[in-house]
Amino acid sequence: MKKNRRFKGGEIPTSSMADIAFLLLIFFLVTTTIDTDKGLGIVLPPPGDMEIEIRKDNIVNCLINSQGKVLLDEEPTSIDQIHRIVGEKLRANSKLVISVKAHPKTAYNDYVRVIDQLKRADAKRISIANSN
Amino acid sequence: MKFSKKTKVSSEIPTASMPDIIFMLLIFFMVTTVLKEYSGLPVNLPKAKRIEKLKSKRHTVQVWVSKEGLISIDDRLMGVDDISMVMYDKRVSDPQLVVSLKGDEEAEMGLVSDIHENLREVEALKLNYSTKTLVD
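Chains A and B supply the protein sequences, listed in that same order.
Numbering-wise, the first sequence is residues 27 to 158 according to our numbering.
Numbering-wise, the second sequence is residues 1357 to 1492 according to our numbering.
1) Look up B:G1466 in the DSSP assignment and say whether it is helix, strand or coil.
2) Please determine, among B:F1385, B:L1382, B:L1401, the residue with the shortest C-alpha to C-alpha distance to B:E1462.
3) Let me know the secondary structure DSSP gives A:A149 once reduced to three states.
4) Counting only Cβ pairs nearer than 9 Å, list the residues of chain A close to B:I1407.
5) Quick check on DSSP: helix, strand or coil for A:R110?
6) Can you pull the chain B neighbours of A:G35, defined as C-beta to C-beta under 8 Å?
7) Quick one, are the C-beta atoms of A:K145 and A:N84 less than 8 Å apart?
8) Out of B:F1379, B:E1368, B:R1406, B:E1473, which has the shortest C-alpha to C-alpha gap to B:L1490?
9) Between B:L1426 and A:V86, what straight-line distance do the alpha-carbon atoms span, to the nearest angstrom?
10) With a threshold of 8 Å between beta carbons, is A:V138 in contact with chain B?
11) Can you check whether the C-beta of A:I80 is within less than 8 Å of a C-beta belonging to chain B?
12) Under 8 Å between C-beta atoms, does A:A149 make it to chain B?
13) In the stretch 1448-1459 of chain B, which residues sit with their C-beta less than 7 Å from some C-beta in chain A, listed in chain order?
14) Taking all protein chains shown into account, do 16 or more other C-beta atoms lie within 10 angstroms of the C-beta of B:V1421, making it buried, or fewer, making it exposed?
15) Smallest Cα separation from A:E8: which of A:G94, A:I38, A:V123?
16) Leaving out five residues on either side along the sequence, give the residues of the same chain with a beta carbon under 8 Å from the beta carbon of A:I68.
17) Looking at the strands, I want to know which residues DSSP matches up with B:S1428.
18) Considering only C-alpha positions, which residue in the set A:D148, A:E100, A:C88 is nearest to A:E114?
19) How about A:D136 and B:S1486: are their beta carbons less than 8 Å apart?
20) Can you pull the chain B residues whose beta carbon is under 9 Å from the beta carbon of A:T103, in chain order?
21) Would DSSP call B:I1369 helix, strand or coil?
22) Nearest chain A C-beta to B:E1424 closer than 8 Å, yes or no?
23) Please indicate yes or no: does the CB of B:L1410 lie closer than 7 Å to some heavy atom of the ligand ADP?
24) Could you say which of B:D1460, B:M1465, B:T1416 lies nearest to B:K1482 if we only look at CA atoms?
25) Of all the CB atoms in chain A, is at least one closer than 8 Å to the CB of B:S1469?
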């Protein structure tokens, strides 16, 4: 029996290397998320106690207590409903100013949720009262 | 006696794939490198839906507020009253300053309100409540 074993120069196929490298590159490009800061933008009023007279019927008072319960114009409201109610009020009166006042012990989360609701109702004039 | 040594095994290292290997290494290190592992305080950011992206990191200053009421700016812990001092310098050197407030969900509004007042004092008026995206 004759073994015909001719050695034909063992080579690792390298032609696909570029493809593999590109595949990896694309994979990491797609899965990498560059950490961008995002959040609710707001502009604070300039310093000094400025008082602007606003007609009473152009103001909506929004009070948040320490348990995270919301009082919208004397009406107890659940936070999820604010954007609907404020949206309706804004359609009736576009000059509406929403004044948000939170109790000092209110959780920041509840406050942010209320601001988010107001943003969702496209309220542009949001006034933040000092909690203390 | 004559030795005829005709071993014609090519003894070259294949270099055609070298750039690919280098690229792969490059990508590996790019992915595994973490530039800054930890900054600020451990916070649980609140979630919100109608959010906007901050335009550039260069004009942003991050103010961290933990649920215990600790405040940190530029990896330094400080009291509420120091904020206006620190922010004044930043505000002077960069008028386009945006303050990114990274507050914990359980932080108290009394403290956040104090921070508002301190920021107003030095006219750092552009504020951004940093949140996560709410998925529902």
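We put the CB at the ideal spot given by N, CA and C, even for glycine.
Let me lay it out:
1) Within the second sequence, the letter at position 110 stands for residue 1466 of chain B. Of the three classes helix, strand and coil, the one that applies to B:G1466 here is helix, per DSSP.
2) The residue you call residue 1462 of chain B lines up with position 106 of the second sequence. Ranking B:F1385, B:L1382, B:L1401 by Cα distance to B:E1462 puts B:L1401 first.
3) Within the first sequence, residue 149 of chain A is the residue found at index 123, counting from 1. Note: A:A149 maps to coil in three-state DSSP.
4) Residue 1407 of chain B sits at position 51 when you count from the first residue of the second sequence. Neighbours of B:I1407 on chain A, chain order: K64, G65, L66, G67, D142, K145.
5) Start at 1 with the first residue of the first sequence, and residue 110 of chain A comes out as number 84. In the structure shown, A:R110 sits in a helix (DSSP, three-state: H, G or I).
6) Stepping through the first sequence from its first residue, residue 35 of chain A is reached at position 9. What A:G35 touches in chain B: V1365, S1366.
7) As a position in the first sequence, residue 145 of chain A is number 119, starting the count at 1. As a position in the first sequence, residue 84 of chain A is number 58, starting the count at 1. Contact: no.
8) What you label residue 1490 of chain B is simply residue 134 of the second sequence in a count that begins at 1. With distances taken between Cα atoms, B:L1490 lies closest to B:R1406.
9) Taking the first residue of the second sequence as position 1, residue 1426 of chain B is located at position 70. Taking the first residue of the first sequence as position 1, residue 86 of chain A is located at position 60. Cα to Cα, the separation comes out at about 33 Å.
10) As a position in the first sequence, residue 138 of chain A is number 112, starting the count at 1. For A:V138, the answer is yes, since a Cβ of chain B falls inside 8 Å of its Cβ.
11) Within the first sequence, residue 80 of chain A is the residue found at index 54, counting from 1. Not one chain B Cβ lies under 8 Å of A:I80.
12) Taking the first sequence and counting its residues from 1, one reaches residue 149 of chain A at position 123. Using beta-carbon distances, A:A149 does not count as an interface residue toward chain B, since no partner is under 8 Å.
13) Taking 7 Å as the Cβ-Cβ cut-off, the stretch 1448-1459 of chain B approaches chain A at S1456, G1459, given in chain order.
14) Taking the first residue of the second sequence as 1, we reach residue 1421 of chain B at position 65. Buried.
15) Beyond the ends of chain A as shown, which are 27 and 158, falls residue 8 of chain A; an answer cannot be given.
16) Within the first sequence, residue 68 of chain A is the residue found at index 42, counting from 1. Cβ neighbours of A:I68 beyond the five flanking positions: I141, I152, I154.
17) What you label residue 1428 of chain B is simply residue 72 of the second sequence in a count that begins at 1. According to DSSP, which records beta bridges pairwise, B:S1428 is partnered with B:W1420, B:L1433.
18) Along the first sequence, read from residue 1 onward, the residue named residue 114 of chain A stands at position 88. Ranking A:D148, A:E100, A:C88 by Cα distance to A:E114 puts A:D148 first.
19) By 1-based counting over the first sequence, the position of residue 136 of chain A is 110. By 1-based counting over the second sequence, the position of residue 1486 of chain B is 130. Their beta carbons are not under 8 Å apart, which means A:D136 does not touch B:S1486 by this criterion.
20) In the first sequence, the residue the question calls residue 103 of chain A occupies position 77. The contacting residues do not exist; A:T103 stays about 18 Å from chain B at best.
21) Sequence index remark: in the second sequence, residue 1369 of chain B carries index 13 (1-based). Reduced to three states, the DSSP call for B:I1369 is coil.
22) Along the second sequence, one-based indexing puts residue 1424 of chain B at 68. Chain A places no beta carbon closer than 8 Å to that of B:E1424, leaving this residue out of the contacts.
23) Looking for the ligand ADP in the displayed structure turns up nothing, as the structure carries no ligands at all.
24) The count along the second sequence starts at 1 and reaches residue 1482 of chain B at position 126. When each option's Cα is compared against that of B:K1482, the closest is B:T1416.
25) One-based indexing of the second sequence puts residue 1469 of chain B at position 113. Chain A contact via Cβ: present.
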